[in-house]
Amino acid sequence: MEVNNALKRKRRISRPASSTQPERFADSEVELHEELEKLKILAGAPELYPELVNLNAIPSILNLLSHDNTDIAIDVVHLLEDLTDEDVLEDNDEPARILVDSLIENNVLELLVQNLQRLSDKDSDEMNAIYNTLASIENMIEVKPAVAELVCERTKLLRWLLGKIKVREFDSNKQYASEILAILLQNSPANQKRLGQMNGVDVVLQAVAIYKSKDPKTSDEEEMLENLFDCLCCLLMPMDNKERFVKAEGVEL
Numbered sequence: 001m002e003v004n005n006a007l008k009r010k011r012r013i014s015r016p017a018s019s020t021q022p023e024r025f026a027d028s029e030v031e032l033h034e035e036l037e038k039l040k041i042l043a044g045a046p047e048l049y050p051e052l053v054n055l056n057a058i059p060s061i062l063n064l065l066s067h068d069n070t071d072i073a074i075d076v077v078h079l080l081e082d083l084t085d086e087d088v089l090e091d092n093d094e095p096a097r098i099l100v101d102s103l104i105e106n107n108v109l110e111l112l113v114q115n116l117q118r119l120s121d122k123d124s125d126e127m128n129a130i131y132n133t134l135a136s137i138e139n140m141i142e143v144k145p146a147v148a149e150l151v152c153e154r155t156k157l158l159r160w161l162l163g164k165i166k167v168r169e170f171d172s173n174k175q176y177a178s179e180i181l182a183i184l185l186q187n188s189p190a191n192q193k194r195l196g197q198m199n200g201v202d203v204v205l206q207a208v209a210i211y212k213s214k215d216p217k218t219s220d221e222e223e224m225l226e227n228l229f230d231c232l233c234c235l236l237m238p239m240d241n242k243e244r245f246v247k248a249e250g251v252e253l
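Each residue of the sequence shown is one higher than the one before, starting from 1 at the first, in full-length UniProt numbering.
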């Protein structure tokens, strides 16, 4: 697998070691970008996913999510979104399961969320990568529902999502964050309790309260508000969260 060879060459050319020969380092990163782009063709042949796993390419690919160059990490995010796309995996249950199991075993959830925390909505490329990160997580949940609790056990995704819906300004990633949060809370008492312990009831109430004095401007914003109400309904399942809801004056809202 060429991507494995490219990675091995890249490891031999570390940033400090290449300070006197920056062109070598630049060349290695261009090579990585090209190899990752080539791998996207596999999304057209999901029956080959087991072979990708057997070639031990998954650890090499996922290691790049921690790359110093954010652009390389973003390339990996886009690749993962392509490989796990719902339309691609439809009618390919076994290859999908093999791929997702390998991704989980090689810490994809931890690496995706760690990378997510260094991305900014102020940069258009990074904003797209945030969206595709959330899409990849949603896609993996579709294949393996247990991922919904695994990602909350192993990472700080819930806290990141709360931070996102706290932002007053609306954008597509805030809408998607509300959708992912609702998915994580559905049928998961463990996640409902986790979010309650993070002051999640109050945060979701505050996000909804913005619309006491104004209506959503677009259908996407309206969908986000519906997602937030779905989150509240799920959050109110555990008794402790009901008490938090009353203390936060949720009834008055």
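Backbone N, C-alpha and C fix where the C-beta goes; we use that ideal spot for every residue, glycine too.
For residue i, the three-state DSSP class (helix, strand or coil)
i           : result
Arg118      : coil
Met198      : coil
Thr133      : helix
Ile186      : One point to set straight first is that residue 186 is Gln, not Ile, in the sequence displayed. Looking at Gln186 - three-state DSSP - the assignment turns out to be coil, as it is neither helix nor strand.
Ala73       : helix
Ala148      : helix
residue 281 : The requested residue 281 is not part of the displayed model; the chain covers only 1 to 253.
Pro216      : coil
Phe229      : helix
Asp93       : helix
Ala209      : helix
Asn107      : coil
Phe245      : helix
Boundaries (first-last residue) of the alpha helix (DSSP H) holding residue i
i      : result
Gly163 : Leu157 to Lys166
Ile58  : Ala57 to Asn63
Glu249 : No alpha helix (DSSP H) contains Glu249, which DSSP labels as neither H nor E.
Glu51  : Tyr49 to Asn54
Contact under 8 Å by Cβ, residue i with residue j
i           : j      : result
Val201      : Leu228 : no
Val76       : Leu36  : yes
residue 259 : Pro216 : Any property of residue 259 remains undetermined from this structure, which presents the chain solely from 1 to 253.
Asn132      : Glu90  : no
Leu62       : Asn106 : yes
Leu134      : Ile180 : yes
Leu158      : Met198 : yes
Leu42       : Leu52  : yes
Leu83       : Leu99  : yes
Leu184      : Leu235 : no
Heavy atom of the ligand NAD within 7 Å of residue i beta-carbon
i      : result
Leu181 : Among the components modelled here there is no ligand, and therefore nothing to report on the ligand NAD.
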